[in-house]
Amino acid sequence: MSLLVVGSVAFDAIETPFGKVERTLGGAATYFSVAASFFTHVNLVGVVGDDFTPRDAAIFRGRRIDITGLERAPGKTFFWAGRYGHDPNERVTLATELNVFATFRPKLPEAYRHSKHVFLANIDPTLQRSVLEQIHGTPRMVALDTMNYWIERTPAELREILKHTHILMINDAETRMLSSEHNLLRAARHIFGIGPKTLVIKRGEYGALMVHGGGIFSVPGFPLEEVHDPTGAGDSFAGGFMGYLSGAGKLTDAVLRRAMVYGSVMGSFAVERFGLERLRKVTPREIDARARHFLRLTQFRL
Ligand code: AMP
15 MSLLVVGSVA FDAIETPFGK VERTLGGAAT YFSVAASFFT HVNLVGVVGD DFTPRDAAIF
75 RGRRIDITGL ERAPGKTFFW AGRYGHDPNE RVTLATELNV FATFRPKLPE AYRHSKHVFL
135 ANIDPTLQRS VLEQIHGTPR MVALDTMNYW IERTPAELRE ILKHTHILMI NDAETRMLSS
195 EHNLLRAARH IFGIGPKTLV IKRGEYGALM VHGGGIFSVP GFPLEEVHDP TGAGDSFAGG
255 FMGYLSGAGK LTDAVLRRAM VYGSVMGSFA VERFGLERLR KVTPREIDAR ARHFLRLTQF
315 RL
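This note's numbering puts the first residue of the sequence shown at 15, with every later residue one more than the last.
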């Protein structure tokens, strides 16, 4: 069973208290697919410019990632620049240059049109909708990420795509903004009324909270002494989460809980080094060991 992702493939400039990089490979779909590929086969839909070299594409080689759907367009690849202070949950966006993304209209290769598991990374809700429309039949599992920009600027389009979404994966600020509720549990109830029946709230270094019909589950962020670069944590979390769910092929409470742990595991690796540096070297054995570490971290007796 494969997992379809649509989202950004980018070059990022990043500044953190641990250093600075002028141009490193990034993008939501890149982090997501690398993280998910440890658990399942991934089909990637996105766009890059003519500055994207075979060396950049090497990140996808030797992994279970199909890039037939990664279009190449004349012009420059999407560029994002951001700065973090000592609080990894707070970032300042310094630049967003859409470049080839500005005119991107996702086109699914025929082989992707039978996808049952889909992740719509943070892009224009109208483009997210067009991806779902190209799929034959109804996917079993659709998860979606979005951001304040779309919540404020295109609320009607976002609500429309949310009607077709099973799992919404956003951060706490976005949850509050979308629901106009400060309390996250009340916010979840509001969001269930729009469409998604599972809400995963990403809370940066504090971990993540899942609310669904079967109850609430919370997973901590892995305690790290040094967070070198928080970029991509959310998308790597989503990759671990969706990759695990897609590999398991069912949506029981036990499977969803394990998916939360694998999400947190992949997010924690992503932030250990700049860009994709750590994620590209991580091994299945390390993933397994960290998942066991989570078990020890959260177990107690009464
Ligand atoms: P995360 O830290 O998981 O929220 O994701 C960071 C990644 O998202 C970076 O690698 C950026 O290239 C990408 N990104 C930043 N802003 C946008 C945007 N407006 N649309 C799509 N991708 C973005």
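Ideal placement from N, C-alpha and C gives every residue a C-beta, glycine not left out.
This one's a predicted model, so the numbers in the text were calculated from it and none came from an experiment.
Worksheet item: Can you tell me where the beta strand (DSSP E) with E111 in it begins and where it stops?
Response: In the sequence shown, the residue the question calls residue 111 occupies position 97. That run of the beta strand (DSSP E) goes 105 to 111.
Fill in: Distance, D65 Cα to Q142 Cα
Taking the sequence shown and counting its residues from 1, the one referred to as residue 142 is at position 128. Taking the sequence shown and counting its residues from 1, the one referred to as residue 65 is at position 51. Distance between the alpha carbons of Q142 and D65: 25 Å.
Item to complete: Quick one: residues in its chain with C-beta nearer than 6 Å to the C-beta of T179, no 5 flanking neighbours on either side, listed in chain order?
Response: Within the sequence shown, the letter at position 165 stands for residue 179. Taken in chain order, the residues that qualify are V156, L158, G209, P210.
Practice prompt. Give me the Cβ distance between V19 and F133, rounded to the nearest whole Å; I'm assuming they're in contact under 8 Å.
Written response: Position 5 of the sequence shown, counting from 1, holds the residue named residue 19. Position 119 of the sequence shown, counting from 1, holds the residue named residue 133. Confirmed, about 5 Å.
Worksheet item: Three-state secondary structure (DSSP) at R310?
Response: For the purposes of this step, residue 310 is taken as the residue at position 296 of the sequence shown. DSSP places R310 in helix when its eight states are reduced to three.
Worksheet item: If you draw a straight line from the C-alpha of G207 to the C-alpha of T67, how long is it?
Response: As a working note, residue 207 is residue 193 in the sequence shown. As a working note, residue 67 is residue 53 in the sequence shown. G207 and T67: Cα-Cα distance of roughly 45 Å.
Worksheet entry | Segments of 4+ residues assigned as alpha helix (DSSP H) that fall wholly inside the stretch 139 to 191 | Taking only runs of at least 4 residues, the alpha helix (DSSP H) segments lying wholly in the stretch 139 to 191 are 139 to 147, 162 to 167, 169 to 176.
Worksheet item: Mind checking M256: buried by the 16 CB within 10 Å criterion, or exposed?
Response: Looking up residue 256 in the sequence shown gives position 242. Flag for M256 reads buried.
Worksheet entry | Residue range of the unbroken alpha helix (DSSP H) whose run includes L198 | The sequence position of residue 198 within the sequence shown is 184, counting from 1. Per DSSP, L198 belongs to the alpha helix (DSSP H) from 198 to 208.
Worksheet item: Around the Cβ of H128, are there at least 16 other Cβ atoms within 10 angstroms (buried) or fewer (exposed)?
Response: One-based indexing of the sequence shown puts residue 128 at position 114. Exposed, by the Cβ-count rule.
Practice prompt. State yes or no: is the C-beta of E188 within less than 8 Å of the C-beta of T168?
Written response: In the sequence shown, residue 188 corresponds to position 174, counting from 1. In the sequence shown, residue 168 corresponds to position 154, counting from 1. In this structure, T168 does not lie closer than 8 Å to E188 by Cβ.
Worksheet entry | Proximity test, I137 beta-carbon vs the ligand AMP heavy atom, cut-off 7 Å | Start at 1 with the first residue of the sequence shown, and residue 137 comes out as number 123. At least one heavy atom of the ligand AMP is nearer than 7 Å to the Cβ of I137, so yes.
Item to complete: Have a look at E240, I149, V233 and flag the residue whose alpha-carbon is nearest the alpha-carbon of G32.
Response: On the sequence shown, residue 32 is found 18 positions in, with the first residue counted as 1. According to the sequence provided, residue 32 is Phe. The question's Gly does not apply to it. That would be E240, whose Cα lies nearest to the Cα of F32.
Worksheet item: In three-state terms, what does DSSP make of R9?
Response: No statement about residue 9 is possible, as the shown extent of the chain runs from 15 to 316 and does not include it.
Worksheet item: Taking one C-beta from the stretch 274 to 293 and one from the stretch 238 to 254 each time, how about it: are there three or more such pairs within less than 8 Å?
Response: yes
Worksheet entry | Option in T91, E85, R77 with minimal Cα separation from G40 | In the sequence shown, the residue the question calls residue 40 occupies position 26. The shortest Cα separation from G40 among T91, E85, R77 belongs to T91.
Worksheet item: Do A116 and A95 have their C-beta atoms within less than 8 Å of each other?
Response: Your numbering for residue 116 matches position 102 in the sequence shown. Your numbering for residue 95 matches position 81 in the sequence shown. Contact: no.
Item to complete: Whole angstroms is fine: what's the gap from F93's alpha carbon to Y45's?
Response: For the purposes of this step, residue 93 is taken as the residue at position 79 of the sequence shown. For the purposes of this step, residue 45 is taken as the residue at position 31 of the sequence shown. Approximately 15 Å, taken between the alpha carbons.
Discussion item. I need the DSSP call for A222, collapsed to helix, strand or coil.
Written reply: Counted from its first residue, the sequence shown places residue 222 at position 208. In the three-state scheme derived from DSSP, where H, G and I count as helix and E and B as strand, A222 is classed as strand.
Worksheet item: Using the rule of at least 16 other Cβ atoms within 10 Å of the residue's Cβ for burial, across every protein chain shown, is L58 buried or exposed?
Response: As a position in the sequence shown, residue 58 is number 44, starting the count at 1. When all chains shown are included, L58 counts as buried.
Worksheet item: Are the CB atoms of A305 and R292 nearer to each other than 8 Å?
Response: Numbered from its first residue, the sequence shown carries residue 305 at position 291. Numbered from its first residue, the sequence shown carries residue 292 at position 278. It is not a contact, given that the beta carbons lie outside the stated cut-off.
Worksheet entry | K34 classed as buried or exposed, judged by whether at least 16 other C-beta atoms fall within 10 angstroms | What you label residue 34 is simply residue 20 of the sequence shown in a count that begins at 1. Answer is exposed; the Cβ neighbour count stays below 16.
Item to complete: Can you say whether D26 is buried or exposed, counting buried as having 16 or more other CB atoms within 10 angstroms of its CB?
Response: Working through the sequence shown from its first residue, we reach residue 26 at position 12. Classification for D26: buried.
Discussion item. Restricting to Cα atoms, I'd like to know which of S22, G76, M15 is closest to K295.
Written reply: For the purposes of this step, residue 295 is identified with residue 281 of the sequence shown, where counting begins at 1. The shortest C-alpha separation from K295 is found at G76.
Worksheet item: Is V117 near the ligand AMP, going by C-beta to nearest heavy atom under 7 Å?
Response: The residue you call residue 117 lines up with position 103 of the sequence shown. The residue you asked about is not Val; residue 117 is Thr in the sequence shown. Not so, every heavy atom of the ligand AMP lies at least 7 Å from the Cβ.
Item to complete: Output the boundary residues of the alpha helix (DSSP H) element that contains L270.
Response: Working through the sequence shown from its first residue, we reach residue 270 at position 256. Per DSSP, L270 is one residue of the alpha helix (DSSP H) stretching across 267 to 284.
Item to complete: Compute the distance between the beta-carbons of T324 and P234, then report whether it is under 8 Å.
Response: No statement about residue 324 is possible, as the shown extent of the chain runs from 15 to 316 and does not include it.
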